[in-house]
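Undergrad: Dumping the structure here so I can ask a few things about it.
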Amino acid sequence: MNRFYLYLLLTAMLAIAPAAGAAVATFDDLPLAPGSYYGGAGSGAGDWTNGDASFSHVADDWSWYGFTYSNINDTTTAGYTNQFGAYTGTDVSGSGNYGVSYVPLDWTGAYDPMPQSVYFGMETGENYNTTISGAYFTNTTYAALSMLSGDGFAKPFGGATGDDPDYFKLIIRGIAEDTSYTGKVEFYLADYRFADNSLDYIVDEWTWVDLTGLGNVIGLEFSLDSTDAGDYGINTPMYFAMDNLNAVPLPAGIWLMGSGLLALMGLRRRNNG
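The numbering used here numbers the first residue of the sequence shown as 126 and each following residue consecutively.
Shown next as C-alpha cells:
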C-alpha cells in the first residue's frame, strides 16, 4: 500500500474515533483560595466553564442554585452554613477542587425539584455529541449530617427505630441534540431500604458512576429524590458533590491499529531505501 494512502487511512480512523480522550471537567485548574468556594448567595457570581463543560450558577441576595466548585474540608459542621463542603473532606485526588450542585425546589408550583444541567462543547462554542464515561459522586457534609441526625427540617434516615425505608437518590439524564433524553442513571447517595439495617448506608467516599449507557449526549441533567418529603417538597438538603467528569477515551484498538500502520509505513520506507 502506498505510504500516502496509509497516512490517509490512519487519519480517517482517528477522525471517526470517539472524541475527547481527556477529562471534560476536573475543577482543579479553577483558581480558588484554600478553604473557599465560588459564588453563592449575594456573590453576584454567574455561569462558569471548566474544560469543555458549561455550568450554570444563579445567585441573588439571599439564595443560589445550580453548580459551584469548592475545596472546603469541613466534615463536622452541620447545617446550611456548611453547604459547600464534600463529606469526604477533599476531592478525589486529595488536594484539589470539586464540584457542588444545589437542586432547588419549585416554590411557584408543586415544590418539585428543578433539575440542573451541564452542557458540553464550550471550547468550540457549539454543543456536540460525545459519550461521557462517568464521574465521581459523593454527599455534601450538609446533606450527610442531616440524614444521619436530622435537623430543623429533615428527619434522621431510618427514623427512631432505624427501620424506615429511606433513600436519597441522584438522577442523571443524558440530553440529546434534539433536547430529548437518551436515558437515565440512578445513584443512591443514601439507602436505608434493606431488611438488615446493618446494610443501610450514606455515601461517605467518592464513588465512580458509569454514564456510558447514556450514549452520545450534548449535556447531562441532574436531579435528586428523597423519601423524606412533606407538603412543601423534599426535606433532605438537595445537594451533591461531583469530581472528574470524564469523556470516553479513544479505544485501545484504535491506537494499536494506528501504531501498526505507522510501523508499517516506517518499515516500507526503510525497505524502499
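All C-beta atoms, glycine included, are put in the ideal place defined by N, C-alpha and C.
#1: Roughly how many angstroms lie between the CA atoms of Pro362 and Asp237, to the nearest whole one?
#2: May I ask you to list the residues that DSSP assigns as paired with Lys294?
#3: Out of Ser161, Trp173 and Asp276, which one is the CA nearest neighbour of Gly204?
#4: Please classify Tyr326 as buried or exposed, where buried requires at least 16 neighbouring CB atoms within 10 angstroms.
#5: Determine the extent of the beta strand (DSSP E) in which Ala184 is found, giving its start and end residues.
#6: Ends of the beta strand (DSSP E) at Ala366?
#7: Does the distance from the CB of Tyr162 to the CB of Phe209 come in under 8 Å?
#8: Can the beta-carbon of Gly259 be found less than 8 Å from the beta-carbon of Trp333?
#9: With DSSP as the reference, label Gly340 as helix, strand or coil.
#10: Reducing DSSP to helix, strand and coil, say where Asn207 ends up.
#11: Ala144 to Leu370, Cα distance in whole Å?
#12: For a test of the three-state rule: what should DSSP assign to Leu157, helix, strand or coil?
#13: Would DSSP call Ser323 helix, strand or coil?
#14: Whole angstroms is fine: what's the gap from Ala268's alpha carbon to Phe365's?
#15: Per the contact definition of three or more C-beta pairs closer than 8 Å, is the stretch 271 to 291 in contact with the stretch 226 to 241?
#16: Could you check the C-alpha separation between Asn207 and Asp350 for me, to the nearest Å?
#17: What did DSSP end up calling Tyr267 once you bin it into helix, strand or coil?
#18: Smallest Cα separation from Asp356: which of Gly246, Gly234, Val328 and Ala158?
#19: So, for Gly191: in the same chain, excluding its five sequence neighbours on each side, which residues have a beta-carbon less than 6 Å away from its beta-carbon?
#20: Mind checking Thr136: buried by the 16 CB within 10 Å criterion, or exposed?
TA: The relevant details are as follows:
#1: Within the sequence shown, the letter at position 237 stands for residue 362. Within the sequence shown, the letter at position 112 stands for residue 237. Distance from the CA of Pro362 to the CA of Asp237, rounded to the nearest whole angstrom, comes to 14 Å.
#2: Along the sequence shown, one-based indexing puts residue 294 at 169. Residue pairing for Lys294: DSSP places it in a beta bridge opposite Tyr313 and Asp350.
#3: Residue 204 sits at position 79 when you count from the first residue of the sequence shown. Nearest of Ser161, Trp173 and Asp276 to Gly204, Cα basis: Asp276.
#4: Counted from its first residue, the sequence shown places residue 326 at position 201. Burial call: exposed.
#5: For this step, residue 184 is matched to residue 59 along the sequence shown. Taken as a continuous stretch (DSSP letters only), the beta strand (DSSP E) holding Ala184 covers His182 to Ala184.
#6: Mapped onto the sequence shown, residue 366 falls at position 241. First-last of the beta strand (DSSP E) with Ala366: Tyr364 to Ala372.
#7: Within the sequence shown, the letter at position 37 stands for residue 162. Within the sequence shown, the letter at position 84 stands for residue 209. In this structure, Phe209 lies closer than 8 Å to Tyr162 by Cβ.
#8: What you label residue 259 is simply residue 134 of the sequence shown in a count that begins at 1. What you label residue 333 is simply residue 208 of the sequence shown in a count that begins at 1. Going by C-beta atoms, Gly259 is nearer than 8 Å to Trp333.
#9: Residue 340 sits at position 215 when you count from the first residue of the sequence shown. Here Gly340 sits in coil by DSSP.
#10: Against the sequence shown, residue 207 aligns to sequence position 82. When secondary structure is reduced to three states using DSSP, Asn207 falls in the helix class.
#11: Looking up residue 144 in the sequence shown gives position 19. Looking up residue 370 in the sequence shown gives position 245. The predicted model places Ala144 with a pLDDT of 42, which falls under 50 and marks its position as unreliable; any figure quoted below should be read in that light. Approximately 15 Å, taken between the alpha carbons.
#12: Locating residue 157 in the sequence shown gives position 32, where the first residue counts as 1. Note: Leu157 maps to coil in three-state DSSP.
#13: Translated into the one-based positions of the sequence shown, residue 323 becomes position 198. Note: Ser323 maps to helix in three-state DSSP.
#14: Within the sequence shown, residue 268 is the residue found at index 143, counting from 1. Within the sequence shown, residue 365 is the residue found at index 240, counting from 1. C-alpha separation (whole angstroms): 8 Å.
#15: The stretch 226 to 241 vs the stretch 271 to 291: no contact.
#16: Looking up residue 207 in the sequence shown gives position 82. Looking up residue 350 in the sequence shown gives position 225. Using only the alpha carbons, I get a separation of about 21 Å.
#17: Reading the sequence shown from its first residue, position 142 is the one you call residue 267. Taken through DSSP and simplified to helix, strand or coil, Tyr267 comes out as helix.
#18: What you label residue 356 is simply residue 231 of the sequence shown in a count that begins at 1. Ranking the options by Cα distance to Asp356, first place goes to Gly234.
#19: One-based indexing of the sequence shown puts residue 191 at position 66. Close CB contacts of Gly191 within its chain, under the 6 Å cut and outside five residues either way in sequence, are with Ser181, His182, Val183 and Gln241 (chain order).
#20: Against the sequence shown, residue 136 aligns to sequence position 11. Caution is warranted here: a pLDDT of 44 is assigned to Thr136, below 50, making its placement in the model unreliable, and the coordinate value is therefore given only provisionally. Exposed, since its Cβ has fewer than 16 Cβ neighbours within 10 Å.
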